[in-house]
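*Asks:* Below is one structure. I have some questions about it.
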Amino acid sequence: MTITTIPHFLNGEETTGLGERTQPVFNPATGEQTGALCLADRQDLEAAVAAAKKASESWGDISLAKRTAVLFRFRELVAAHTDELAAIITSEHGKVLSDAKGEIGRGLEVIEFACGIPQLLKGDYSDQASTGIDVFSYRQPVGVVAGITPFNFPVMVPLWMAPMAIATGNAFILKPSGRVPSAAMLLADLWKQAGLPDGVFQVLHGDRETISGLLTHPDVDAISFVGSTPVAKHIVETATAHGKRVQALGGAKNHAIVLPDADMDNAADHLAAAAFGSAGQRCMAISVAVAVSDAADLLVKKVEERALAVKVKNGTEPDADMGPVISPESKAFIIKTIAEAEHAGAAMVVDGRDLVVAGHEDGFWVGPTVIDHVQTEMSAYTEEIFGPVLVVVRVEDLEEGIRLINANPYGNGTAIFTTNGAAARKFQRQVQVGMVGVNVPIPVPVAYHSFGGWKNSLFGDKHIYGPEGVSFYTRGKVITQRWPEPTHASGASYNFPSN
Ligand code: NAD
0 MTITTIPHFL NGEETTGLGE RTQPVFNPAT GEQTGALCLA DRQDLEAAVA AAKKASESWG
60 DISLAKRTAV LFRFRELVAA HTDELAAIIT SEHGKVLSDA KGEIGRGLEV IEFACGIPQL
120 LKGDYSDQAS TGIDVFSYRQ PVGVVAGITP FNFPVMVPLW MAPMAIATGN AFILKPSGRV
180 PSAAMLLADL WKQAGLPDGV FQVLHGDRET ISGLLTHPDV DAISFVGSTP VAKHIVETAT
240 AHGKRVQALG GAKNHAIVLP DADMDNAADH LAAAAFGSAG QRCMAISVAV AVSDAADLLV
300 KKVEERALAV KVKNGTEPDA DMGPVISPES KAFIIKTIAE AEHAGAAMVV DGRDLVVAGH
360 EDGFWVGPTV IDHVQTEMSA YTEEIFGPVL VVVRVEDLEE GIRLINANPY GNGTAIFTTN
420 GAAARKFQRQ VQVGMVGVNV PIPVPVAYHS FGGWKNSLFG DKHIYGPEGV SFYTRGKVIT
480 QRWPEPTHAS GASYNFPSN
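Take 0 as the starting number for the sequence shown in numbering that gives the first Met the number 0 and just add one per residue.
Next comes the structure, spelled out in structure tokens:
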């Protein structure tokens, strides 16, 4: 197997930079090393920030018409390269090709939203706010934005950020996850082909040292982060202490509550797909089924049937439903957590720990797993497992289910399955979670709404993309103007200006 060197993309060019260290990149389905990722040193970081700062000055000043033209071309190029991007995602992440194409589709939606930036940046104007005085407000770019992204959506999460930051007139430095760095390189090439000036979109690979450099650099104005909660907390604390605007989206433990009146086949289909799709490595994956009273036995039986039918294969196989998990460390953590639940007395319904995929014995595999009678003090409940594991917690009624979800420290996504509109309404109003699905699992908002959780799932007050994305990447300015007639009255007034 040849090992490809994966460079940075700085100031319009691929470069291995001055850093001498590299990090291995693997194909999780085969366990083989496929890449050697160049890691930035301080000089590479300084070069990236300097190029971004310079580029932001001219890009922020360019007409909306010209900016939009680049975005439209970029949209067409990403769409035309969907197959190529999906193949890269599957080779480094492991998710199945159809799922990889799905994430690209959601990323395209954000680019399409960003294409409407002239409308989104229209300001407000108050004529004759006071006699002879007009007031208007509009928004200007913040300058240089750094985006730090997780492994689980190599294309979608960078596209939650970059098109919005660039459409609003900023320069954007992407620090992708070192486990899945190659898709970002193709995106950089597509931005260049779309006519984006050098330095406006750059890719800088690095480790904690590089991230720390971005979080503290005086010429970086804003940080968008998506990843796990402990890192999100660190990012927000460090970057805000250095005067930056920050949005940091963290981890999740998403519950789906199933009422006895729900269509159980429909609920089981959705639960299985939301728990095992992408091997459970989605921030909006359903990892806890909250089964209400009589729903439990039937629901568990139906989810078991579906879990046993999931085809776990290399994501490149056309009939694969689910691929591997990202790394041997992740596999070991998932298996350990399953074992802890078993030892603590939970009921193993489907056990994916010993899965072997023929021909791919060195891949990082864990099969779909369903654990019933899980208690809230068990690690399988308290930890974000981030693997294909669905735990079932049984409750007596809807109210107990809502209390359970609200007591959880995360608040990213949740869903209710029911045919009772009043119950659904009560749930969506009372649940303390940022994104709620009613008979819809994985309720990722469309691009013209904004994405974000509550509590430990988001730090900073702006959600990502959509209208809040426009707001995050810009600063408001209000102009109060008077154009006196040549014959205006003279004389100074020392009172506070009043209307
Ligand atoms: P991660 O937190 O390990 O890594 C995210 C990014 O932070 C990567 O670019 C990584 O290089 C960097 N990083 C890692 N450790 C760091 C440290 N100590 N200091 C500074 N930077 C560091 O997350 P991951 O494993 O790549 O992704 C999975 C996590 O992301 C899960 O917790 C998942 O729920 C979360 N996630 C959340 C959302 C959301 O919208 N809320 C979306 C996707 C993923």
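Glycine residues also receive a C-beta, built at the ideal position from the N, C-alpha and C atoms. Remember, predicted model here, so these are calculated numbers, not experimental data.
Expressed to the nearest angstrom, what Euclidean distance is found between the alpha-carbon atoms of Gly548 and Cys282?
*Replies:* Here the chain covers residues 0 to 498 and nothing more, so residue 548 does not appear.
*Asks:* List the whole-angstrom C-beta distance separating Asn169 from Ser55, where the pair is believed to meet the contact cut-off of C-beta under 8 Å.
*Replies:* Contact flag correct, Cβ pair sits at about 6 Å.
*Asks:* Distance, Cα to Cα, Val518 vs Gly459?
*Replies:* No answer is possible for residue 518: it lies beyond the span of the chain, which begins at 0 and ends at 498.
*Asks:* Need the endpoints of the alpha helix (DSSP H) that Ala510 sits in, please.
*Replies:* Nothing can be reported for residue 510, as the shown portion of the chain is limited to 0 through 498.
*Asks:* With H, G and I counted as helix, E and B as strand and the rest as coil, what does DSSP make of Val77?
*Replies:* Note: Val77 maps to helix in three-state DSSP.
*Asks:* Taking the alpha-carbon positions, what's the His233 to Pro149 distance?
*Replies:* C-alpha separation (whole angstroms): 15 Å.
*Asks:* Just tell me which of Ala221, Asn405, Pro323, Ile285 has its CA closest to the CA of Lys461.
*Replies:* The option with the nearest alpha carbon to Lys461 is Ala221.
*Asks:* For Gly436, report the span of its alpha helix (DSSP H) as first-last.
*Replies:* Run containing Gly436: none in the alpha helix (DSSP H); it sits in the beta strand (DSSP E), 434 to 437.
*Asks:* By Cβ distance below 7 Å, which residues in the same chain neighbour Asp98 in space, the five residues on each side in sequence not counted?
*Replies:* If we look at Asp98 and ignore the five residues flanking it on each side, its Cβ neighbours are Gly276, Ser277.
*Asks:* For the putative contact between Ile337 and Ala294, defined by C-beta atoms under 8 Å, what is the C-beta separation to the nearest angstrom?
*Replies:* Between Ala294 and Ile337 the Cβ distance is about 24 Å, and since that is not below 8 Å, they are no contact.
*Asks:* Just to confirm, is the Cβ distance from Ala85 to Leu96 under 7 Å?
*Replies:* Yes, these two residues count as a Cβ contact at 7 Å.
*Asks:* Please go through the segment 77 to 144 and give each complete beta strand (DSSP E) segment of 3 or more residues, from N-terminal end onward.
*Replies:* The segment 77 to 144 contains these whole beta strand (DSSP E) runs: 123 to 129, 132 to 140.
*Asks:* Can you tell which of Trp58, Ile384, Pro153 has the C-alpha that lies nearest to the C-alpha of Arg164?
*Replies:* Strictly speaking, residue 164 in this sequence is Ala, with Arg absent from that position. Of the candidates Trp58, Ile384, Pro153, the one whose C-alpha sits nearest the C-alpha of Ala164 is Trp58.
*Asks:* Taking C-alpha atoms, which residue in Ala187, Val179, Gly212, Glu102 lies nearest to Trp159?
*Replies:* The residue with the shortest Cα to Cα distance from Trp159 is Glu102.
*Asks:* Near Leu135, which residues of its chain fall below 8 Å by C-beta distance, leaving aside the five closest residues on each side in sequence?
*Replies:* It should be noted that the sequence gives Phe, not Leu, for residue 135. Excluding sequence neighbours, Phe135 sits near Gly122, Asp123, Tyr124, Ser125, Val477, Ile478, Gln480.
*Asks:* Measure from the alpha carbon of Gly93 to the alpha carbon of each residue in Met184, Gly362, Arg393, then state which is nearest.
*Replies:* Looking at the Cα atoms, Gly362 is the closest of the given residues.
*Asks:* Going by C-alpha to C-alpha distance, which of Tyr447, Arg20, Leu457 sits closest to Ser223?
*Replies:* With distances taken between Cα atoms, Ser223 lies closest to Leu457.
*Asks:* Hey, Val348 and Asp320: beta-carbon distance below 7 Å or not?
*Replies:* Against a cut-off of 7 Å, the Cβ pair of Asp320 and Val348 comes out as no contact.
*Asks:* Just mark Asn494 as buried or exposed, buried being the case when its beta carbon has 16 or more other beta carbons within 10 Å.
*Replies:* Per the 10 Å Cβ criterion, exposed.
*Asks:* Spell out the partners DSSP gives Trp453 in its beta bridges.
*Replies:* Looking at the DSSP assignment, Trp453 forms a beta bridge with Gly410.
*Asks:* I need the DSSP call for His254, collapsed to helix, strand or coil.
*Replies:* Three-state result, His254: strand.
*Asks:* Would you say Val179 touches the ligand NAD, meaning its beta carbon is less than 6 Å from a heavy atom?
*Replies:* No.
*Asks:* Who are the Cβ neighbours of Leu185 in its own chain at under 8 Å, not counting the five residues just before and after it?
*Replies:* Excluding residues within five positions, the ones whose Cβ falls inside 8 Å are His80, Glu83, Leu84, Ile87.
*Asks:* Could you tell me the alpha carbon to alpha carbon distance between Val219 and Val144, rounded to whole angstroms?
*Replies:* Val219 and Val144: Cα-Cα distance of roughly 6 Å.
*Asks:* Below 8 Å, how does it come out for the segment 437 to 452 and the segment 409 to 421: are there three or more Cβ pairs, yes or no?
*Replies:* Cβ pair count under 8 Å is three or more, so yes.
*Asks:* Indicate whether the contact test is met: 3 or more Cβ pairs, each with one atom in the segment 387 to 394 and one in the segment 294 to 313, closer than 8 Å.
*Replies:* A contact exists between the segment 387 to 394 and the segment 294 to 313.
*Asks:* Grouping DSSP H, G and I as helix and E and B as strand, with all else coil, what is Gly177?
*Replies:* In this structure, Gly177 counts as coil in the three-state DSSP scheme.
*Asks:* Is Pro180 closer than 7 Å to Leu36 when the C-beta atoms are compared?
*Replies:* Going by C-beta atoms, Leu36 is nearer than 7 Å to Pro180.
*Asks:* Looking only at its chain, what residues have a beta carbon closer than 8 Å to the beta carbon of Val435, apart from the 5 residues adjacent to it on each side?
*Replies:* Same-chain partners within the cutoff: Gly412, Thr413, Ala414, Ile415, Phe426, Gln427, Pro442.
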